[in-house]
Amino acid sequence: MSLPRRILFGALALALLGAGLGFVFQSQLATAMYERRVERQMSLDRIGDLPDGLHIAFCGTGSPLPDPSRAPSCAVVIAGDRLFVVDSGAGSVSNLLLMGIPAGEIEAVLLTHFHSDHIGGLGDLALQRWIGTGHTEPLPVMGPPGVETVVAGFNQAYSLDATYRTGHHGEVIAPPSGFGMVAEPFNIAGYDQTAPTKLLENGGLTIWAVAVDHAPVSPSVAYRFDYQGRSLVMSGDLVAEASPGFQALAAGADLLVVEALQPRLLDFINDGARARGNDRLDTIMTDIRDYHTTPEQAAVAASTAQAQALVLNHIVPAVPSRSLNAAFLGDAAGAFSGPIRIAEDGLVVSLPAGDDTVSFQSWR
Ligand SMILES: [Zn+2]
Ligand SMILES: [Zn+2]
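Position one of the sequence shown corresponds to residue 0 (numbering that gives the first Met the number 0), numbered consecutively onward.
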């Protein structure tokens with residue numbers, strides 16, 4: 000072999016060796032980073048790290064409209080060391096776990112109503128809570144009448160999976176008595192009534208429910224949590240203006256969480272549907288406007304309630320970029336002078352006991 004060819008082959012061999020070593024190094028680096036990530040995730044103590052008080056962690060802030068960055072409705076209300084889930088949309092359980100929330104410690108679920116985007120994750124949620132700490136009692140699910148039907152359906156659908164889990168992991172990890180959910184229905188007055196129903200009062204925590212107007216969906220309720228002098232209200236889906244019970248429940252709450260639909264952005268979907276002769280989509284996008292609340296109406300409700308802060312969730316339509324936040328909010332800031340936050344999956348809002356602050360962070 001001539002000298003130039005030898006040099007060429009030598010250089011090629013070195014390059015291949017370098018690439019191989021680079022690949023090995025890259026793989027080792029990625030594995031080490033993975034190990035650190037697992038270690039970090041497993042040492043998280045999200046609840047223990049919070050100050051005593053009332054907190055709300057959003058595991059789903061979207062709606063039935065597809066949104067790559069938002070799962071359908073789900074929020075975890077944390078009162079001291081107690082965890083309550085309000086609504087469980089499909090896909091929100093992954094968010095809940097990714098946020099480091101210990102599913103095994105969930106005390107109960109509260110459903111606002113039985114639209115699919117509020118219940119689709121219930122089966123997975125009950126499964127995670129069961130296996131999370133080997134519960135021997137099913138997960139309590141509170142809701143207005145109808146909750147029995149929803150719970151019975153999920154229990155039946157997951158009954159085969161339950162036998163697989165116990166068969167595979169044993170009765171200590173998956174005790175058969177702890178599988179599934181138990182419905183705890185409560186009675187509620189009509190949505191033209193203002194008197195709330197007290198659902199729970201112990202350990203310094205009180206939970207209230209009141210009916211709201213989400214017609215033709217009935218019953219549909221909003222919830223209020225009071226703990227250590229702090230309070231928050233979750234609206235569920237509703238027409239806030241037509242729900243006097245919601246206004247009464249919201250009065251004086253530190254934090255108001257209200258679902259929001261921005262008609263001016265929805266108009267673009269209607270325009271597109273009409274331009275393509277898609278009457279079905281046009282009709283649906285028109286129908287949904289009459290049983291939701293706009294950001295501006297939510298701001299009026301927050302102002303009337305004299306709330307400290309307003310969080311909008313159940314975002315309709317999907318807002319794919321924060322650069323659209325101003326367009327989504329519209330004139331809301333003109334109606335409410337406090338902070339208005341468009342919720343994203345992973346958002347946590349804290350109301351510490353003993354002061355009157357409201358703070359925001361992300362667990363994503
Ligand atoms: Zn909904
Ligand atoms: Zn709904």
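The C-beta atom is built at its ideal place from N, Cα and C for all residues, glycine as well.
query: Same chain only: Cβ atoms within 8 Å of VAL357, ignoring 5 sequence neighbours per side; result: ASP253, LEU254, GLN307, ALA308, PRO338, VAL348, SER349 and LEU350
query: Beta-bridge pairing of THR282 - partner residues as DSSP gives them; result: None; THR282 has no bridge partner.
query: Given 8 Å, three or more beta-carbon pairs between the region 77-89 and the region 198-217; result: yes
query: Close-in-space but distant-in-sequence residues of the same chain around ALA194 (CB under 7 Å, 5 per side omitted); result: ALA188
query: Backbone secondary structure at PRO24 - three-state DSSP; result: According to the sequence displayed, residue 24 carries Phe and not Pro. It is helical.
query: Residues that HIS213 bridges to, as DSSP identifies them; result: VAL216
query: Nearest residue (CA-CA) to ILE268, options PHE245, ALA317, VAL256 and GLU183; result: ALA317
query: ASP44 classed as buried or exposed, judged by whether at least 16 other C-beta atoms fall within 10 angstroms; result: exposed
query: Pair within 7 Å by beta-carbon distance, VAL220 and PRO143; result: yes
query: Proximity test, HIS114 beta-carbon vs ligand 2 heavy atom, cut-off 6 Å; result: yes
query: Contacts around PRO50, its chain only, beta-carbon distance under 6 Å, and the 5 residues preceding and following it disregarded; result: PRO351
query: Cβ-heavy atom distance, ASP212 to ligand 1, below 6 Å; result: no
query: Pair within 7 Å by beta-carbon distance, VAL140 and VAL92; result: no
query: Host alpha helix (DSSP H) of ILE268 (start-end); result: 262-274
query: Boundaries (first-last residue) of the beta strand (DSSP E) holding GLU200; result: 196-201
query: CA-to-CA distance, CYS58 to LEU95, given in whole angstroms; result: 5 Å
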